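S.K.: Chains as they are written, first to last, in the numbering used here: chain A, 1 to 321; chain B, 1 to 321; chain C, 1 to 340; chain D, 1 to 340. Where a beta carbon is used, it is the ideal one built from N, C-alpha and C, also for glycine. If you're wondering where the values come from, they're calculated on a predicted model, not measured in any experiment.
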Ligand SMILES: Cc1ncc(C[n+]2csc(CCOP(=O)(O)OP(=O)(O)O)c2C)c(N)n1
Ligand SMILES: Cc1ncc(C[n+]2csc(CCOP(=O)(O)OP(=O)(O)O)c2C)c(N)n1
Ligand SMILES: [Mg+2]
Ligand SMILES: [Mg+2]
């Protein structure tokens, strides 16, 4: 498939922005400047971006505890995100949600979700809205290999098939749910195969390869937009870091950790588009610089933002009460 | 497969006892003598008996709201059951459970269950006990077509595969969950096919045919007993009555209701074993008479049993408190 | 005014709001019935017939039968609510909350707060509560204290047909997640119910009887039992002020406190289990905020700390009876308690 | 006596009971860790290291890692408990109860009653509660009132390492389903903990401090905050009787009532949400059963009726602080409240 230059640049830009964001979040966290639990998306960028590049603000996504990448791929403002992760005023959720609950409904980003298996039913609901209102949009659920075993996820798949909804289930198989390997936790041969058993088209793609994800997502999204119902995509990818920042990762061998670094989807993308001359290394370097600047600015803004006013504690529990 | 005469008689006896039980429960209910909600098993006898004939008291089963048949097939005392359904002293649960909670742990009957999808995880637990204690027994979950869509059921299947447990998932597909047809509610092509996607052997059998169920169950149980792990069996059968006693069944066509009567598994069994001379009609008539007498006695005992003493209200909440 | 049943009142509320706003949908198990069957559509209209007729008027795109899949139902309703629909989801029996509670209490209830005020989740979850039909331990619970405990949820417990209609219309027009609890023993009860739409605001108690001797607070099916007790007591000259707050969250604290300030005595009657229950909640409110006015110990009349038994005689003993309520009122007044 | 952390105390309790009884198993997500991975076994030992080392001693047949599948975990544990094992199942964060509550409250909790006394379900569910680590709305809840509400469950909330060990051993030997709630902010706290096994009976309160002026009741992490408040108040001559009932169900009602009979004043401090919460439960108990002895309004100190916020400053304001507790005590004594 031939992608035009602006699209390629945009793809790279979003992936790089995610990586830059996560690298900086990690550094800030390790300096003790970010509270709570943080799960980094680094290594999985091709998944979020390969899918979300097909989406507009009118399309919905639902995410997980590992949600920064999905947010950025869907167009959320990195400064608002960073302020949120720091727990500051001006954060996307006014500092009340944090890393595990970043959401931006205006961008069609229905929220990170700290409950594994929490988002698939919600995404089915968004798809139900779209179908009921006859809108030509789609709703995408991002779920992990671990989350693929949760009952809520299975139910969501069945209901999406029954109601023939424009929903896409993206299973980011990064090999682990916390410290438990997918080969242990998924009794089936593959997540895609199990999803196919629910009565929807399902494919498995190499998530280190942006283009593979992009194409699989295009087909599934196109099908959903045109009334063809739900699909599943298993995206095999690699988590570059631990489950959360601070995880010693004793459950991974040294060899595996080396392979993770080597199989970096950003490097693979860069090599590919520069090798065949579609982009110059210089174009990409420019993107790198821009992204670094954007994130540096976001960090700066977050550091300097005030904490929420104390009366925020009791606001926004209800619309009215 | 050649079953010996005593086994054939026993199979028929249990099926007939279930039918007789249910016919009488219906009559008593309609006379206003049984409180609560009651779901009849008539029409599905070949499923419970085809499976449970392979089991001893050391094997476990978990059941549903439609549990009378499973109880009887597993050897529960019909008088204790009837007293329970009447809400009387001496009932299997001292009158505190009723039709939807009949249990007899001594018989390996872990309980009817009023939560659809409630029993599969519990049955996985019983199978875990068996595996942990290295006992050569099995645990069978009976679930309906409706219950096959519940998240708890999916989770139970996956966990049974992951832990390689001696669990068998029997899906009694009687075409409906309440008033909703299986073709609507199950997005997959078949329940068995979806179960196979979870990574276990799965077959579909005609549940009007006792012998078909018996053979499929034998294979699955044998596999489980010898460390081969879980299996699923989809048993297609027909509910002779409404979802609960009193259901007008407007969702079923007249033709379908006629077919249900025609496809009676007891009649099919009788025809088959008498046609090929394995049993005499007279043998079966004797069983009919004996079962009718046993149930009449059970009804008589239940009618005449006292209601529970009022202090039973607060006993047996805890072992100690 | 025409007399209608509680069931009819609820059906009318749904009908009127579906007619008024095409974003209102109904979703649940057998809310129509007959999907995928060989017979008629709308064969159920809800397991107890409450949604009967809606599918004929609004079609299957707005009256949506589902598989048995409560997590997906509640999640889909919550997700649809946050993206522009106003779903009325049915949890057939409240006892089933255990298979779908996450989508209610961690998702729908918390969206607005977690997302810093950006989310609106105009979701109504209708569910059936209560004992009295020998439906046993897994089909007879009340569980309203669990919903009441959760910040972000509103909880409605109508005690009669008139309130049911007005409160349900209010719930559907409300922009927050609302748990609407229908008592299964009330469906056949009747009241005067206007044909037109009307709303009853949340957090406004109804004074069922007025009186200066004792304040009695009750919800849902317990209101009628308290009324029966009050009628008996009245014959002995005891004037009960019977308050039906109608919603547990928000709760009309002022109505309760002002009444107790006048009567100095409180009996709270509730069908929920006693520990961390609604009776305790209201008793604690008064013990903290109207202590100075109390002339006698507060009394709570609830079931015992046990599951709901099946046998009808045990179930009858389980539920607070008019007799037990009257006895508690008398005890509060320092009279010798006749029974118990 | 050796000083040990709360985490270590819990680990020792598990270890000693697994050594003692081969029917005791541990099951949950990453209770060992590393299954199906390319690296080491026992890589986690529980997400916060509480079960570390057990798999090395007892093997994967007794320390069972599972997929992310809480309903199946709780159900399997309940089913195993009713067929002869004594499972200790881990619900990593109590906030996850929404995806598995049915197996706990409709199944395990009700077996014995529904089955007329025939079932025994020696199940322990260990779970992590509480705020304070900026884990936000879905990983910081307490939710113990929900478990306490359910007949058939026992609920344990240890406030220190010593109690944690003795109560967990008791829980494992107990024949009923026990919810054992560990506060995530307490894992690093230390106390003197004997190496050998010992049990602490359920329903027996600990008197943390004795005093005649005000009774303060608190559980789990709130006990230390109350102790801090009591220490401050003592300097002003206010003698607080601080009671840690340790289990919410059964509850040592006598200890609380007898204390209030002496002090005439009650402050209940709890980390759970306020509506139908544990503070209300205890306040109501006293308002009903020790009313005559009360000299002042009961005071409850709890978080507000909101989800748990993420931002550390908001989370700090959310939780009852020693200052708020001390102020409540002073208010109960009729003193002018300095802050708030
Ligand atoms: C219901 C629930 N169970 C458990 C957890 C704890 N938990 C958080 S993330 C996680 C692993 C998720 O694995 P996976 O779905 O593969 O996503 P990944 O972390 O690999 O992105 C677990 C077990 C949770 N948050 N929610
Ligand atoms: C969790 C839950 N949801 C819904 C119900 C209500 N209900 C009881 S039986 C039933 C239908 C079950 O259908 P199926 O599993 O096919 O069993 P069948 O009745 O056909 O034997 C439903 C919806 C329930 N008891 N539990
Ligand atoms: Mg993963
Ligand atoms: Mg069925």
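#1: Per DSSP, which residues does residue 244 of chain D bridge with? Please list them.
#2: Relative to chain A, which residues along the segment 15-38 of chain B have a C-beta separation below 9 Å, given in chain order?
#3: Would you kindly work out how many angstroms separate the C-alpha atoms of residue 46 of chain C and residue 291 of chain A, rounded to a whole number?
#4: If you count every other CB in all the chains shown that lies within 10 Å of the CB of residue 1 of chain D, and 16 or more means buried, which is it?
#5: Would you mind sorting residue 56 of chain A into buried or exposed? The rule is 16 or more other CB atoms within 10 Å of its CB.
#6: So with Cβ pairs under 9 Å, would you call residue 18 of chain C a contact of chain D?
#7: Which chain A residues sit within Cβ distance under 8 Å of residue 198 of chain B?
#8: Could you spell out the range, first to last residue, of the beta strand (DSSP E) harbouring residue 180 of chain D?
#9: Residue 346 of chain C to residue 293 of chain C, Cα distance in whole Å?
#10: Under 6 Å from any heavy atom of ligand 3, by CB: list those residues in chain order, please.
#11: Of the choices C:120, C:116, C:217 and C:309, whose alpha-carbon is the least far from that of residue 157 of chain C?
#12: Give me the Cα-Cα distance between residue 234 of chain A and residue 149 of chain A, rounded to the nearest whole angstrom.
#13: Say whether chain D places a C-beta atom closer than 9 Å to the C-beta of residue 208 of chain A.
#14: What span of residues does the beta strand (DSSP E) with residue 96 of chain B cover, start to end?
#15: Any heavy atom of ligand 1 closer than 8 Å to the beta-carbon of residue 37 of chain D?
#16: Which residue or residues does DSSP assign as beta-bridge partners of residue 91 of chain D?
#17: Between residue 360 of chain D and residue 287 of chain C, what straight-line distance do the alpha-carbon atoms span, to the nearest angstrom?
#18: Which residue comes first and which comes last in the alpha helix (DSSP H) that contains residue 206 of chain A?
#19: Quick one: list the residues of chain C neighbouring residue 150 of chain B, beta-carbon separation under 9 Å, in chain order.
#20: Just tell me which of D:231, D:61 and D:72 has its CA closest to the CA of residue 325 of chain D.
#21: Considering only the alpha carbon of each residue, which of B:248, B:199 and B:97 lies closest to residue 189 of chain A?
#22: Following a CB-centred definition, is residue 96 of chain D positioned closer than 8 Å to any heavy atom of ligand 1?
#23: What is the DSSP secondary structure of residue 154 of chain C, counted as helix, strand or coil?
#24: Can you tell me whether residue 183 of chain B sits near ligand 2, meaning its C-beta is under 8 Å from at least one heavy atom of the ligand?
#25: Out of curiosity, what's the CA-to-CA distance linking residue 89 of chain C and residue 135 of chain A?
#26: Under three-state DSSP, which class holds residue 300 of chain C?
#27: Which residues of the segment 275-297 of chain B have a Cβ closer than 8 Å to any Cβ of chain D? Give them in chain order.
#28: Report the rounded CA-to-CA distance for residue 146 of chain C versus residue 117 of chain D, giving the unit in angstroms.
#29: Can you tell me where the beta strand (DSSP E) holding residue 150 of chain B begins and where it ends?
#30: Can you list the residues of chain C that residue 184 of chain D reaches, using a CB-CB cut of under 9 Å?
#31: Determine contact between the segment 27-34 of chain C and the segment 60-76 of chain C, defined as no fewer than three beta-carbon pairs at a distance below 8 Å.
#32: With a floor of 4 residues, list each alpha helix (DSSP H) that falls wholly inside the segment 236-296 of chain D, ordered by position along the chain.
#33: Is residue 92 of chain D near ligand 1, judged by its Cβ being under 8 Å from some heavy atom?
#34: Verify the CB distance criterion: does residue 214 of chain D have a CB-CB separation below 9 Å to chain C?
#35: Is residue 138 of chain D buried or exposed, if buried means 16 or more other CB atoms sit within 10 Å of its CB?
#36: Beta carbon of residue 137 of chain A: closer than 8 Å to some heavy atom of ligand 2?
M.R.: The answer reads as follows:
#1: Indexing the fourth chain from 1 puts residue 244 of chain D at position 244. Answer by DSSP bridge pairing, in chain order: D:206.
#2: So nothing in the stretch comes that close.
#3: For the purposes of this step, residue 46 of chain C is taken as the residue at position 46 of the third chain. For the purposes of this step, residue 291 of chain A is taken as the residue at position 291 of the first chain. Using only the alpha carbons, I get a separation of about 55 Å.
#4: What you label residue 1 of chain D is simply residue 1 of the fourth chain in a count that begins at 1. Exposed.
#5: By one-based count along the first chain, residue 56 of chain A stands at place 56. When all chains shown are included, residue 56 of chain A counts as exposed.
#6: Numbered from its first residue, the third chain carries residue 18 of chain C at position 18. Chain D contact via Cβ: absent.
#7: Looking up residue 198 of chain B in the second chain gives position 198. Residues of chain A passing the Cβ test: 187, 188, 194 and 197.
#8: For the purposes of this step, residue 180 of chain D is taken as the residue at position 180 of the fourth chain. Where residue 180 of chain D is concerned, the enclosing beta strand (DSSP E) stretches over 178-183.
#9: Examination of residue 346 of chain C is not possible in this model, given that chain C is present from 1 through 340 alone.
#10: Any residue whose Cβ sits closer than 6 Å to a heavy atom of ligand 3 makes the list: A:144, A:145, A:146, A:174, A:176 and A:177.
#11: Working through the third chain from its first residue, we reach residue 157 of chain C at position 157. It is C:217.
#12: Position 234 of the first chain, counting from 1, holds the residue named residue 234 of chain A. Position 149 of the first chain, counting from 1, holds the residue named residue 149 of chain A. Each residue's alpha carbon lies about 13 Å from the other.
#13: Here residue 208 of chain A refers to the residue found at position 208 of the first chain. Taking Cβ atoms only, chain D never reaches closer than 9 Å to residue 208 of chain A, which makes this a no.
#14: Numbered from 1 along the second chain, position 96 holds the residue referred to as residue 96 of chain B. For residue 96 of chain B, there is no enclosing beta strand (DSSP E), as DSSP marks it with neither H nor E.
#15: Position 37 of the fourth chain, counted from the start, is the residue given in the question as residue 37 of chain D. If you check the C-beta of residue 37 of chain D against ligand 1, you find no heavy atom less than 8 Å away.
#16: Locating residue 91 of chain D in the fourth chain gives position 91, counting from the first residue. In DSSP, residue 91 of chain D forms a bridge with D:127.
#17: Outside the displayed range of chain D (1 to 340) lies residue 360 of chain D, so it cannot be described from this structure.
#18: Sequence index remark: in the first chain, residue 206 of chain A carries index 206 (1-based). According to the DSSP assignment, residue 206 of chain A belongs to no alpha helix (DSSP H) but to the beta strand (DSSP E) extending over 202-206.
#19: On the second chain, position 150 is the one that residue 150 of chain B refers to. Simply 67, 68, 69, 70, 71 and 99.
#20: The count along the fourth chain starts at 1 and reaches residue 325 of chain D at position 325. When only C-alpha atoms are compared, the closest one is D:231.
#21: Taking the first chain and counting its residues from 1, the one referred to as residue 189 of chain A is at position 189. Comparing Cα-Cα distances from residue 189 of chain A to each of B:248, B:199 and B:97, the minimum goes to B:199.
#22: Walking along the fourth chain from the start, residue 96 of chain D turns up at place 96. Because some heavy atom of ligand 1 lies under 8 Å away, the Cβ of residue 96 of chain D counts as near it: yes.
#23: Position 154 of the third chain, counting from 1, holds the residue named residue 154 of chain C. Note: residue 154 of chain C maps to strand in three-state DSSP.
#24: For this step, residue 183 of chain B is matched to residue 183 along the second chain. No, ligand 2 has no heavy atom inside 8 Å of this Cβ.
#25: Translated into positions along the third chain, residue 89 of chain C becomes position 89. Translated into positions along the first chain, residue 135 of chain A becomes position 135. Each residue's alpha carbon lies about 22 Å from the other.
#26: Your numbering for residue 300 of chain C matches position 300 in the third chain. DSSP places residue 300 of chain C in strand when its eight states are reduced to three.
#27: Listed by position, the residues of the segment 275-297 of chain B near chain D (Cβ gap below 8 Å) amount to none.
#28: Translated into positions along the third chain, residue 146 of chain C becomes position 146. Translated into positions along the fourth chain, residue 117 of chain D becomes position 117. Their Cα atoms are separated by approximately 27 Å.
#29: Working through the second chain from its first residue, we reach residue 150 of chain B at position 150. Segment: none, residue 150 of chain B is in no beta strand (DSSP E) and carries neither H nor E.
#30: In the fourth chain, the residue the question calls residue 184 of chain D occupies position 184. Residues of chain C whose Cβ lies closer than 9 Å to the Cβ of residue 184 of chain D do not exist, since the nearest Cβ in that chain is about 17 Å away.
#31: yes
#32: If only complete runs of 4 or more residues are kept, the segment 236-296 of chain D shows the alpha helix (DSSP H) at 253-263 and 278-289, in order along the chain.
#33: Position 92 of the fourth chain holds residue 92 of chain D. Yes; taking the cut-off as 8 Å, the Cβ of residue 92 of chain D has a heavy atom of ligand 1 nearer than that.
#34: In the fourth chain, the residue the question calls residue 214 of chain D occupies position 214. No, residue 214 of chain D does not count as interfacial toward chain C.
#35: Translated into the one-based positions of the fourth chain, residue 138 of chain D becomes position 138. Buried, because 16 or more other Cβ atoms sit within 10 Å of the Cβ of residue 138 of chain D.
#36: Taking the first residue of the first chain as position 1, residue 137 of chain A is located at position 137. Residue 137 of chain A: no, Cβ never under 8 Å from ligand 2.
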